[in-house]
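J.: For any residue, its number in this note's numbering is found by taking its place in the sequence shown, counting from 1, and adding 111.
Positions of the beta carbon are idealized from the N, C-alpha and C atoms, including for glycine.
This one's a predicted model, so the numbers in the text were calculated from it and none came from an experiment.
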Amino acid sequence: MLSNDAITLRCRIERWPIAGSFTISRGAKTEAVVVVAEISRSGHTGRGECVPYARYGETPEGVLAAILGMQKPLAAGLDRQSLASAMPAGAARNALDCALWDLEAKCSGRRIWTLLDRSAPSPRSTAYTISLGSPEAMAAATAKAAHRPLLKIKLGGDGDPQRIAAVRKQARESELIVDANEAWTLHNLERNLAACEAAGVTLVEQPLPAGSDDALARIRRPIAVCADESVHDRASLDGLRERYDAINIKLDKTGGLTEALTMADAARALRFEIMIGCMVATSLSMAPAMLIAQQARFVDLDGPLLLADDRDNGLRYDGSTVYPPNAELWG
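(1) Is the segment 121-138 touching the segment 183-190 in the sense that three or more CB pairs, one from each, lie closer than 8 Å?
(2) Three or more C-beta pairs closer than 8 Å, one from the segment 359-372 and one from the segment 198-216: is that the case here?
(3) Taking all protein chains shown into account, do 16 or more other C-beta atoms lie within 10 angstroms of the C-beta of MET112, making it buried, or fewer, making it exposed?
(4) Any idea what DSSP makes of ALA307, helix, strand or coil?
(5) Indicate the three-state DSSP secondary structure (helix, strand or coil) for GLU439 in the structure shown.
(6) Using C-beta distances below 7 Å, list every residue in its chain close to LEU416, excluding the 5 sequence neighbours before and after it, in chain order.
(7) Just reading off the beta strand (DSSP E) that GLU142 is part of, what are its end residues?
(8) On the three-pair Cβ rule with 8 Å, is the segment 149-157 touching the segment 167-176?
(9) Residue range of the beta strand (DSSP E) that LEU287 falls in?
(10) Starting from TRP212, follow the beta strand (DSSP E) in both directions and report where the run begins and ends.
(11) How would you label ILE358, buried or exposed, when you count the other beta carbons within 10 angstroms and need 16 or more for buried?
(12) Go through the segment 387-420 residue by residue and report every complete run of the alpha helix (DSSP H) that reaches 4 residues or more, in order.
(13) When you compare only the Cα positions, how much space is there between GLN182 and GLU370?
(14) Is the beta carbon of CYS122 closer than 9 Å to that of VAL147?
(15) I'd like to confirm the pairing. Which residues does DSSP put opposite LYS263 in its beta bridges?
(16) What's the gap between the Cα of ILE124 and the Cα of ALA328?
(17) Is there contact here, the segment 338-345 with the segment 314-329, by at least three beta-carbon pairs under 8 Å?
(18) Do you know how far the Cα of LEU372 is from the Cα of ALA404?
(19) The beta strand (DSSP E) spanning PRO128 covers which residue range?
(20) Determine the closest residue to HIS258 out of ARG279, GLY268, ALA248, with distance taken between C-alpha atoms.
(21) Pull the bridge partners of GLY157 from the DSSP assignment, please.
(22) Skipping 5 residues on each side, what residues in its chain have a beta carbon closer than 6 Å to that of ASP421?
(23) Write down the C-beta distance between CYS209 and PRO399 rounded to the nearest angstrom, noting that I regard them as a contact closer than 8 Å.
(24) According to DSSP, is ILE223 part of a helix, a strand, or is it coil?
(25) Pull up the distance between the alpha-carbon of LEU368 and that of HIS298, whole angstroms please.
(26) Could you check where the beta strand (DSSP E) with GLU353 kicks off and where it finishes?
(27) Leaving out the 5 sequence neighbours to the left and right, which residues in its chain are closer than 7 Å to ASP423 when beta-carbon positions are compared?
(28) So, helix, strand or coil for GLN423, using DSSP?
(29) Give me the residue from ARG283, ILE264, PRO246 with the minimum Cα distance to ASP411.
(30) In the DSSP output, which residue or residues are listed as bridge partners for TYR434?
(31) Consult DSSP for ASP429 and reduce its assignment to one of helix, strand or coil.
(32) Identify which residue in GLY311, LEU262, LEU418, PRO318 has its Cα closest to the Cα of GLU293.
(33) Give the range of the beta strand (DSSP E) segment to which GLU316 is assigned.
(34) Pop quiz: ILE385 and ALA378 are said to be a contact at Cβ under 8 Å. What is the actual Cβ separation, rounded to whole angstroms?
(35) How should LEU426 be labelled, buried or exposed, when 16 other C-beta atoms within 10 angstroms of its C-beta is the threshold for buried?
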């Protein structure tokens, strides 16, 4: 536990240009907007990064204000265990939780996995995302990435059978997972699942809107279906067992690494496959997720690969292989 002497909190909004654009069913963007929290004590500074999620009503300004509102509790001795009850799960808590982990590691002079009594993380192979577009545009993007072992294909509803067929034609050897981002309907659900099955897709992520996904329990699921927007933290797991085969853990949804680690254990006990996912962000967001990646069937931590540039001391990517963070970056 950290002592409460001379703790200071700083927070800022940063904008990182995306290489080109990133398009999903809900829209396109050309930059990643992140919020960075820095907690300092005794000459050491811990950092955490989060991505405000508009899908849940979060804004960069609102997240910034929520983080800065924790200055007095932190100065009074608020720690990670207390943070979970002081703030709701979400991006703001994620940045603070990860900053507290980083600060604890730096103050102790030990790596975070040592603090957790775990083995040092190993490199993992990450998915690489193909943005939503026309079948022709997605085929062209896939042709450039066909050397990668795992591709994550963004789909968007009508026309998806043509999109996934075009992608598979260009990437005959890659494992494919798809993410519909809630864009499918009861009308096209089974047709789109069949098209994915025909293309040899391994996993379909969040086909139906959260809260309107009961149909997944009533149909034959020819391939595994993964919850994303339908799952947040441990409290949301029990209601998913009949509808989903896997869950996507994102630290911006769980509210930080502390909850994510416990959630991963609970998900495995319920026999869910685990995906560790990310928003488009810098390596500072990806670094804590590398600890969850060690027990995940699917790793989707390609955020920095989609940026025009990453921060100093960023994660090392060798093709699709991502390596654990160095101490200068985090943890």
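T.: In brief:
(1) no
(2) yes
(3) For the purposes of this step, residue 112 is taken as the residue at position 1 of the sequence shown. With a pLDDT of only 44 at MET112, under 50, the local geometry of the prediction cannot be trusted, and the value read off the model is given with reservation. With fewer than 16 Cβ atoms within 10 Å of its Cβ, MET112 is classed as exposed.
(4) Sequence index remark: in the sequence shown, residue 307 carries index 196 (1-based). Per the sequence shown, residue 307 should be read as Cys rather than Ala. Looking at CYS307 - three-state DSSP - the assignment turns out to be helix.
(5) By one-based count along the sequence shown, residue 439 stands at place 328. Of the three classes helix, strand and coil, the one that applies to GLU439 here is coil, per DSSP.
(6) In the sequence shown, residue 416 corresponds to position 305, counting from 1. Once the five neighbours on either side are set aside, the close Cβ partners of LEU416 are TYR239, TYR428.
(7) For the purposes of this step, residue 142 is taken as residue 31 along the sequence shown, with counting starting at 1. Start and end: 138-152.
(8) no
(9) As a first step, residue 287 is located in the sequence shown; it is residue number 176 there, counting from the start. Its beta strand (DSSP E) spans residues 286-290.
(10) Here residue 212 is taken as the residue at index 101 of the sequence shown, counted from 1. Looking at the DSSP string, TRP212 is not in any beta strand (DSSP E); the run it does join, the alpha helix (DSSP H), is 202-219.
(11) One-based indexing of the sequence shown puts residue 358 at position 247. Buried, by the Cβ-count rule.
(12) 394-404
(13) Along the sequence shown, one-based indexing puts residue 182 at 71. Along the sequence shown, one-based indexing puts residue 370 at 259. Approximately 21 Å, taken between the alpha carbons.
(14) Residue 147 sits at position 36 when you count from the first residue of the sequence shown. Residue 122 sits at position 11 when you count from the first residue of the sequence shown. Yes. Within cutoff.
(15) Looking up residue 263 in the sequence shown gives position 152. Its beta-bridge partners are THR240, ILE288.
(16) Working through the sequence shown from its first residue, we reach residue 124 at position 13. Working through the sequence shown from its first residue, we reach residue 328 at position 217. Whole-angstrom Cα-Cα distance: 41 Å.
(17) yes
(18) Locating residue 404 in the sequence shown gives position 293, counting from the first residue. Locating residue 372 in the sequence shown gives position 261, counting from the first residue. Roughly 10 Å between the two C-alpha positions.
(19) Here residue 128 is taken as the residue at index 17 of the sequence shown, counted from 1. Per DSSP, PRO128 belongs to the beta strand (DSSP E) from 119-135.
(20) Residue mapping note: residue 258 aligns to position 147 of the sequence shown, counting from 1. Nearest option by C-alpha distance: ARG279.
(21) Translated into positions along the sequence shown, residue 157 becomes position 46. According to DSSP, which records beta bridges pairwise, GLY157 is partnered with ILE150.
(22) Position 310 of the sequence shown holds residue 421. THR393, SER394, PRO415.
(23) Residue mapping note: residue 209 aligns to position 98 of the sequence shown, counting from 1. Residue mapping note: residue 399 aligns to position 288 of the sequence shown, counting from 1. Correct: roughly 5 Å between the Cβ atoms.
(24) Within the sequence shown, residue 223 is the residue found at index 112, counting from 1. In this structure, ILE223 counts as helix in the three-state DSSP scheme.
(25) The residue labelled residue 368 in the question sits at position 257 within the sequence shown. The residue labelled residue 298 in the question sits at position 187 within the sequence shown. Taking the straight line joining both Cα atoms gives about 38 Å.
(26) Reading the sequence shown from its first residue, position 242 is the one you call residue 353. From DSSP, GLU353 is part of no beta strand (DSSP E); its letter is neither H nor E.
(27) Locating residue 423 in the sequence shown gives position 312, where the first residue counts as 1. Hits under 7 Å: none found.
(28) Locating residue 423 in the sequence shown gives position 312, where the first residue counts as 1. Residue identity check: residue 423 is Asp in the sequence provided, not Gln. Looking at ASP423 - three-state DSSP - the assignment turns out to be coil, as it is neither helix nor strand.
(29) By 1-based counting over the sequence shown, the position of residue 411 is 300. The residue with the shortest Cα to Cα distance from ASP411 is ILE264.
(30) Numbered from its first residue, the sequence shown carries residue 434 at position 323. In the DSSP output, where bridge partners are listed per residue, TYR434 has none listed.
(31) Start at 1 with the first residue of the sequence shown, and residue 429 comes out as number 318. Strand, per DSSP.
(32) Within the sequence shown, the letter at position 182 stands for residue 293. Comparing Cα positions, the closest option is PRO318.
(33) Reading the sequence shown from its first residue, position 205 is the one you call residue 316. Note, GLU316: beta strand (DSSP E), 314-316.
(34) Your numbering for residue 385 matches position 274 in the sequence shown. Your numbering for residue 378 matches position 267 in the sequence shown. Between ALA378 and ILE385 the Cβ distance is about 6 Å, and since that is below 8 Å, they are a contact.
(35) Here residue 426 refers to the residue found at position 315 of the sequence shown. Classification for LEU426: buried.
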